[in-house]
């Protein structure tokens, strides 16, 4: 069951309470019987890791695109090497 945070508009009393989704919101402060407001906090979900890809939830039979980038091809030998050996032969 979720925990909800409330604060009183009149006296400033703040508290947390565990309520079911089907329970109605509280309206009166337990300290002064003033008007309550529900406070909203950040979501408690944190995604950690290197990332999420479009293909993560698909099966491997579907011919999906690889999520990892391709390794770069080996670079060819420098063009100056044959010219240097030709100059040495002259």
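Residue numbers (the numbering used here): 1021 to 1110.
Idealized CB from N, CA, C, for every residue including glycine.
If you check the beta carbons only, do residue 1054 and residue 1029 fall under 8 Å apart?
yes
In terms of alpha-carbon separation, which member of 1041, 1045, 1040 lies closest to residue 1026?
1045
Three-way DSSP call (helix, strand, coil) for residue 1056 in this model:
strand
Around the C-beta of residue 1049, are 16 or more other C-beta atoms found within 10 angstroms, so that it is buried, or is it exposed?
buried
Might you give, ordered along the chain, the residues of its own chain that have their beta carbon closer than 8 Å to the beta carbon of residue 1052, omitting 5 neighbours on each side?
1028, 1030, 1031, 1033
Between residue 1041 and residue 1071, what straight-line distance do the alpha-carbon atoms span, to the nearest angstrom?
Their Cα atoms are separated by approximately 32 Å.
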